[in-house]
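So the structure is just underneath, and the comments pick up after that.
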Ligand SMILES: Nc1ncnc2c1ncn2[C@@H]1O[C@H](COP(=O)(O)OP(=O)(O)OP(=O)(O)O)[C@@H](O)[C@H]1O
Ligand SMILES: Nc1ncnc2c1ncn2[C@@H]1O[C@H](COP(=O)(O)OP(=O)(O)OP(=O)(O)O)[C@@H](O)[C@H]1O
Ligand SMILES: [Mg+2]
Ligand SMILES: [Mg+2]
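Chains as they are written, first to last, in the working numbering: chain C, 935 to 1161; chain R, 935 to 1161; chain P, 1452 to 1750; chain L, 1452 to 1750.
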């Protein structure tokens, strides 16, 4: 599903955010991406949705080389990848409902479908009662859950989640990862970047550990491994 | 230092974010504020810096009733309280250096002092090499540490930190709390809102637990207490 | 000192960041003040034309009833010739028929106006010129008070009524001018204010953050005030450039080519206009930012 | 359908959110198109004035050398009277002395011009009017080709040279008009574009987010295009209102009061001007947003 070949990303100022990363992630896998702050996890995700271009190396998603993707095709790539951003990236002038609905509108879904599915999914993340609130009016954890709802409303084949439990209490965080696991069990490939030792250790999935932009460990049924 | 008397905050839509909260926090204390997502931790902090007004009840800081504080005095209140915001609130068009320097400029500190102290403090949080980066060019954890540096650059008598370890790996998170502890040991009152069970359990400080806006537990040398 | 440097740096940064906005504000101020300057110059030109026209006209017409006898006519004509201010050589008797002829000539394109007239409704009249156009009023008064057979004099029309007409028009122009100038100034202030509001609006999150880290209101306000005044000033400089070029390249040439209209500029017009535009720019900038700040920067 | 509804809702939301911006854009378009309309109307008024002036003038002056004998004069006068297009009654011989007298009278304020003349430098001349002003050219040609004693004719001045002068001025006006109209249109486009740019700028984070959740470029663009066109259209409607009121309340009254200038509007001017302003607004809005989108919405 996802193949990276010798991918290096150098930001201006000679920052090596990713260096010589090669890996394969198969369809239907569940992967934890761990590593200390600044090790390149968010960069990894940005490369997959073509928010950033790799400095060198090749990235294939469903056998398409996304480096060579035409500009106008990028939106269609992004529709196949649901993404929970570390800073949520909610539209500040839209309500919770509209924020989630937007991801469906973009793909031309009918109003009827939108009005039926959005509240359903929001209920799933525990926000059924906040449909008409604006992001400013939500607690940090609530915003994070809106971002999660938006990411999988279109049932994308790939789901990327950057720190999806960073702003919620441990029990809710576990609930969220359980939800991601459920989504994964329907065939969706899920990649979760996280710092949450407890969760990584509890779920025992494949763990890819980054440090200074390099993969230092790639382990099935792994643990967090930092102290 | 901080006294709350029957403080209630009701947001529009009849959301009880805080309900009948009464507590005292003495000068030099170190307090963890815990509770599930949406329990009112951020609201608690917003009330202390007068970003929101309580619906009812009194709040005293250093024996001043801040409800009755004149408008033009609010900035001077805020200068006495360093605050790490859950969403960082960095100025996007200023560099890391300028972001931290701004908090000093506001109080009329001299350029020489600023140029000496800002890099020092940034080194302390491990960002000595990112002085000229813009917030957009930082990882989530790096942004969080800039916010921490800005909060205590002016050595305020009170330091509030909302989820200061939400975006960093466990070891760095512990480092940050250790830093807060060091600041606390110089006499600063520190309040940390957090979800991080490991850290709360490790440091054994006073724990105030909120649920649905009510204080359900207030314990010296407490633990996180949720699972 | 430190403060001043800080504000200057802050303003400059904001201007550079929002360069689009700044250019827009400057363009709007320039357009408004430019139009203002052009209106004032055009108005001045027109005023001078009217004044020149006033100075040329010295005609008095005296309408007589049809009952006037030849003797009475003679007496009146003699009286007119005896008025010292009247240029006796110009006294001219225009008969009813001549008047009708002239009327028909003038409205030959609209024959319906006179085709069906059987009886000539126009009066006999005397036309005369004063020696000096200024004396029209004096002459009219003398005729009114001292003319023989006043009952035969139906009406006196003088250049002073023409002057009055011109002055009415001139007054109307002045009113239009004042209204236009005030309206434009208000538009300019509103537009500068709008651009400052937009600048505030674009940075409202930033401003919110600044307040949260303890910036006082004035610490936040000053850069915007300076920005507004700076934009107003630059805008007025552009307007001055435009006004001067229009004057040199267009209006001066117009004055030259249309000499028969006796257009001209008052001496010292520019010496007043240029500083006024500059001041206008500063005031517009200051008022614009003040209004914007008042509406949008309350805590 | 769903799309159309979505875009309309999105545009409306953006307009309401950025109401300040929208009002600014509309005001700018209104001012620009309003000025444009006023320039066109003023231009039209002036053109008609010049045309009316042209139609009135039909004078030809014939300057003779001092050597011309009385016989030759007679022959020339007879020839002039024989030209069918000439109104024989108007042929008038103006002697050197008369010309000098007139000259002195005309420049009586500047005696230095004539005080020290010992010999009269002015020529004898014939003045005449054509029956129809249009025939001035024909008459001048006939005199040039067929007049007796052509060696005595020093110069022919005709109204056609006056008309040429007027036409030159008129041409200059037309050029100024075209330049002004083009300049204003460009300013209007730039200012609409600036406001759309600002709208984009104010929402650049939002746009970034939209792209990240898979919105195509056109999905993001349409609301801005619609916003620009909407603003242009509303602005042009305001301009039309302004232009119509200025016409009814000011210009029509001016035409009435300044009848002696023979000002007038061409029939059907408004029937052309109003749709043109409307179209102009739409085009300005479209070009403005297109330019802004081209510059600022590339992926
Ligand atoms: N746009 C950018 N320009 C320059 N440097 C950048 C940019 N974005 C990220 N970086 C740098 O690249 C490195 C990796 O950043 P990245 O965001 O991928 O880390 P991360 O693993 O997500 O960290 P965290 O856990 O703190 O979110 C960091 O050192 C960061 O400062
Ligand atoms: N401006 C607002 N308008 C309306 N409701 C609000 C507003 N801000 C917060 N709330 C609501 O108040 C409740 C408490 O919010 P608060 O941000 O204090 O929670 P929190 O404890 O910080 O949660 P988290 O751990 O998720 O950050 C939540 O239900 C939230 O939706
Ligand atoms: Mg990250
Ligand atoms: Mg919170």
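Even glycine gets a Cβ: it sits at the ideal position worked out from N, Cα and C.
Annotated three-state conformation of residue 1153(C) is strand, per DSSP. Going by DSSP, residue 1740(P) is part of the alpha helix (DSSP H) stretching over 1720-1747.
Residues of the region 1729-1745 of chain P that bring their beta carbon within less than 9 angstroms of a beta carbon in chain R are absent altogether. As the crow flies, the alpha-carbon of residue 1500(P) is around 13 angstroms from that of residue 1705(P). Linking residue 1687(P) to residue 1736(P) through their CA atoms gives a straight-line distance of about 10 angstroms.
For residue 1023(R), not one C-beta of chain C is nearer than 8 angstroms to its own C-beta.
The C-beta distance from residue 940(R) to residue 954(R) rounds to 6 angstroms, short enough to meet the 8 angstroms contact threshold. Straight-line measurement puts the Cα of residue 961(R) at about 18 angstroms from the Cα of residue 1127(R). Considering only 1081(R), 1096(R), 1135(R) and 967(R), the residue with the shortest C-alpha distance to residue 1028(R) is 1081(R).
Contact check between the region 1005-1018 of chain C and the region 1029-1036 of chain C: fewer than three CB pairs, one atom from each, fall below 8 angstroms, which does not count as touching. Counting only the Cα atoms, residue 1707(P) lies some 22 angstroms from residue 1724(P).
If only uninterrupted beta strand (DSSP E) runs of at least 3 residues are considered, those enclosed by the region 1055-1109 of chain C are 1092-1096.
Taking residue 1661(L) as the centre and dropping the five residues before and after it, the same chain places the C-beta of 1671 closer than 7 angstroms to its C-beta, in chain order.
Membership of residue 1687(L) in the alpha helix (DSSP H) is indicated by the continuous run 1668-1697. In this structure, the beta-carbon distance from residue 1546(L) to residue 1575(L) falls below 8 angstroms. Of all residues in the region 973-1006 of chain R, only 983, 985, 1005 and 1006 place a beta-carbon less than 8 angstroms from a beta-carbon of chain P.
Residue burial annotation: residue 1673(P) is buried, with at least 16 other C-beta atoms found within 10 angstroms of its C-beta. Between ligand 4 and the CB of residue 1099(C), the shortest heavy atom gap is not smaller than 7 angstroms.
Within chain C, not a single residue places a beta-carbon under 9 angstroms from that of residue 1684(L); the smallest gap is close to 24 angstroms. Apart from the 5 residues on each side of it in sequence, residue 999(R) sits with its Cβ closer than 8 angstroms to the Cβ of 992 and 993 in its chain, given in chain order. Within the region 1639-1668 of chain L, those residues whose Cβ lies closer than 9 angstroms to any Cβ of chain C are, in chain order, 1654, 1656, 1657, 1659, 1660, 1661, 1662, 1663, 1664, 1665, 1666, 1667 and 1668.
Restricting attention to 1463(P), 1550(P), 1630(P) and 1513(P), the CA atom closest to the CA of residue 1594(P) is found in 1513(P). At least one heavy atom of ligand 4 is found less than 7 angstroms from the C-beta of residue 1096(R).
The three-state secondary structure of residue 1716(P), taken from DSSP, is coil. Contacts with chain L at 8 angstroms (Cβ-Cβ) do not include residue 1098(C). With a cut-off of 8 angstroms on Cβ pairs, the region 1093-1106 of chain R is in contact with the region 961-971 of chain C, counting three or more such pairs. Set against 7 angstroms, the gap from the CB of residue 975(R) to the closest heavy atom of ligand 4 is smaller. Rounded to whole angstroms, the separation of the alpha carbons of residue 1084(R) and residue 1091(R) is 14 angstroms. Ranking 1549(L), 1517(L), 1511(L) and 1668(L) by CA distance to the CA of residue 1532(L) puts 1511(L) first.
For residue 984(R), the distance from the CB to the nearest heavy atom of ligand 2 is not below 7 angstroms.
At a Cβ-Cβ threshold of 8 angstroms, residue 1074(R) and residue 1020(C) count as neighbours. Along the region 1116-1154 of chain C, the beta strand (DSSP E) occurs as fully enclosed runs of 3 or more residues at 1123-1127, 1140-1145 and 1148-1153, listed in sequence order. Distances taken from the Cβ of residue 951(C) to the heavy atoms of ligand 1 include one shorter than 7 angstroms.
Under the DSSP definition of a beta bridge, residue 1591(L) lacks any partner.
In the structure shown, residue 1510(L) adopts extended strand secondary structure according to DSSP, grouped into three states.
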